[in-house]
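**Student:** I'd like to ask some things about the structure below.
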Amino acid sequence: MEKIQRKATKMIPELRNLSYERRFQRLELISLEQRRLRGQLIETFKYLNGLNNVTLEGLFERDGNVRIRNNSQKLSLRNFKTSQAIKFFPDENAATWNQLPDNIVSAGIVNTFKNRLHKC
């Protein structure tokens, strides 16, 4: 998919001589990696707010630390026993979630979360 995006952005004559990253900036696109992370953050928000019909018992545990810096819904990860759980929510995604400001993670609905995440 990434190769297709590279080729498609090179088809625009004004952008042809720019680097791949510059073309993406000019077109205001996000990489597939960023899309994947965004999607996982949205699914995390849904899961934590009971908006999914998915049972992922014990995947997340809210951090019980009273002194919380960035947001009030910090996560601590448990030791996973299955590779499926690790693939669904890698450690770096939890770190990203924990760095989000409180006004984003405490959004009431999914669309508000998405809009605030996009502006972040």
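Going by the working numbering, the first residue of the sequence shown is number 4, and it counts up by one from there.
We put the CB at the ideal spot given by N, CA and C, even for glycine.
Does DSSP classify LEU120 as helix, strand or coil?
**Tutor:** helix
**Student:** Taking contact to mean at least 3 C-beta pairs separated by less than 8 Å, is the region 106-119 in contact with the region 34-53?
**Tutor:** At 8 Å Cβ cutoff, the stretches touch.
**Student:** So what does DSSP say about LEU44, is it helix, strand or coil?
**Tutor:** helix
**Student:** Could you have a look at LEU30 and say whether DSSP puts it in helix, strand or coil?
**Tutor:** helix
**Student:** In whole angstroms, what separates the C-alpha of LEU18 from that of ILE33?
**Tutor:** 16 Å
**Student:** According to the neighbour-count rule (16 or more other Cβ atoms, all chains shown, within 10 Å of its Cβ), is GLN76 buried or exposed?
**Tutor:** Under this definition GLN76 is a buried residue.
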